[in-house]
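Colleague: Let me begin by handing over the structure; questions about it come next.
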Amino acid sequence: MTLDLTIVGSASAEPNPGGASSCYLLDAGEGQLVLECGHGAAAKLLLHTSIDRIKAILISHMHPDHFFDIVPLKYYITFNGLPRLPLYVPPTGPAILEGMIRALDEKDEFWGSAYDIRVFDPDQELCLLGMRIRMAPTHHFIPAWAMRFSSLNGTASGAIGYTSDTSVVEPVVELVRGTDVLLAECSVVTQAKSERDQGHLTPEQAAELARRAHARRLLLTHYPSAHADSMVRHAAQAFDGPCSLAVEGATYRV
Ligand SMILES: [Zn+2]
Ligand SMILES: [Zn+2]
């Protein structure tokens, strides 16, 4: 069985014209998993799929550019009387979602009317929709988890790595080691911060991570489109294998 990755949103925290922030579809043949649902993603999702094909949502960390569009998606689900979707959030998720209800002066059932909120244990393997998902802590400004996806079905050995938001750290390198496709964030053009204070990758650092992990293919995502051309050029110079931008609407298969 193959594993398909479709790019729904590839912008960083700042908007790209006409684009969306972090959002990806993963499909191992048992229904689609929405990985991240950043701002602008809900409307883009409807361009690439229909809501009845989506079976779960998974959020790597609770920054707005990774989950804010669960709000418009919630309205789509409730206004159309659709079944609740499992929403997998990190351990930090429930308190933040609860705080949003209070800040918005919304009813207690605001999230529960559309989502079945489940807290993932990053130390445990998550088996979901025909996929095996493993996680590792990243180095970011809040707790965040990189992920490794492989198909549970058949003899397929292909794997997709996803850095979430991070600097270059060993747990992430180990997690994504040998992946066929490494979907690596590339939010910053240059890095002025000390190593300890970094929380994002430059194109050169994304390439370094891919090189150290022996990933076969590097896909840059979470990038500001104004700098995309030079970013992919810089990454390609530092990585031996195929290297390209994750283009919204494109599907990659392993
Ligand atoms: Zn972040
Ligand atoms: Zn981000």
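Under my numbering, think of the first position of the sequence shown as 127, with each following residue one higher. For each residue, glycine too, the CB sits at the ideal point set by N, CA and C.
1. Under the three-state reduction of DSSP, which class applies to Phe236: helix, strand or coil?
2. Would you tell me roughly how many angstroms separate the C-alpha atoms of Glu232 and Met226, rounded to the nearest one?
3. Which residue's Cα is closest to the Cα of Ala372: Met357, Ala168 and Gln324?
4. Leaving aside the five residues before and after Asp249 along the sequence, list all residues of the same chain whose C-beta is less than 7 Å from its C-beta, in chain order.
5. Please look up how many angstroms separate the CB atoms of Gly164 and Ser147, rounded, as I've assumed it's under 8 Å.
6. Leaving out the 5 sequence neighbours to the left and right, which residues in its chain are closer than 6 Å to Asn279 when beta-carbon positions are compared?
7. How many angstroms separate the CA atom of Val380 from the CA atom of Ala229?
8. Over the uninterrupted beta strand (DSSP E) stretch that includes Phe246, give me the two end residues.
9. Is His348 near ligand 2, judged by its Cβ being under 7 Å from some heavy atom?
10. Compute the minimum distance between the beta carbon of Ala139 and the heavy atoms of ligand 2, and state whether it is under 7 Å.
11. Around the Cβ of Gln363, are there at least 16 other Cβ atoms within 10 angstroms (buried) or fewer (exposed)?
12. Thinking Val302 and Arg274 are a contact (beta carbons under 8 Å), I'd like their distance in whole angstroms, please.
13. Is the beta carbon of Ala272 closer than 8 Å to that of Ala262?
14. Which same chain residues, not among the five before or five after Ala137, have their C-beta less than 8 Å away from its C-beta?
15. In this structure, does DSSP put Met226 in helix, strand or coil?
16. Check the C-beta distance from Gly135 over to Lys181 and give it rounded, since I have them as a contact under 8 Å.
17. Taking 7 Å as the cut-off, is the CB of Asp291 close to at least one heavy atom of ligand 2?
18. Please report the residue range of the alpha helix (DSSP H) in which Met261 lies.
19. I need the straight-line Cα distance from Arg179 to Phe205, nearest angstrom please.
20. Looking only at C-alpha atoms, which of Ala139, His174, Pro143 and Glu140 sits nearest to Asp153?
21. Less than 8 Å between the beta carbons of Leu131 and Leu309, yes or no?
Modeller: Based on what the coordinates show:
1. Note: Phe236 maps to coil in three-state DSSP.
2. Roughly 8 Å separates the two Cα atoms.
3. Nearest option by C-alpha distance: Met357.
4. Once the five neighbours on either side are set aside, Asp249 has no close Cβ partner at all.
5. The beta carbons of Gly164 and Ser147 sit about 3 Å from each other, so the pair counts as a contact at 8 Å.
6. Answer for Asn279: Met127 and Gly256, listed in chain order.
7. Straight-line Cα distance between these residues: approximately 42 Å.
8. From DSSP, Phe246 is part of no beta strand (DSSP E); its letter is neither H nor E.
9. In this structure, the C-beta of His348 approaches ligand 2 to less than 7 Å from one of its heavy atoms.
10. Ala139: yes, Cβ under 7 Å from ligand 2.
11. Gln363 sits exposed, since fewer than 16 C-beta atoms from the chains shown fall within 10 Å of its C-beta.
12. Indeed, because the Cβ distance is near 6 Å, the residues count as touching under 8 Å.
13. Yes, Cβ-Cβ distance for Ala262 and Ala272 is below 8 Å.
14. Scanning its chain for C-beta atoms nearer than 8 Å, with the 5 sequence neighbours on each side dropped, one finds around Ala137 the residues Gly145, Ala146, Ser147, Ser148, Gly164, Gly166, Asp191, His348, Tyr349, Pro350 and Ser351, in chain order.
15. For Met226, the secondary structure class from DSSP, reduced to helix, strand or coil, is helix.
16. Their Cβ separation, rounded to whole angstroms, is 19 Å, which puts Gly135 and Lys181 out of contact at 8 Å.
17. Annotation for Asp291 indicates a beta carbon within 7 Å of some heavy atom of ligand 2.
18. For Met261, no alpha helix (DSSP H) encloses it; the enclosing beta strand (DSSP E) starts and ends at Met257 to Pro263.
19. Going from the Cα of Arg179 to the Cα of Phe205 covers about 17 Å.
20. Closest option to Asp153, Cα to Cα, is His174.
21. Taking 8 Å as the Cβ cut-off, Leu131 and Leu309 qualify as a contacting pair.
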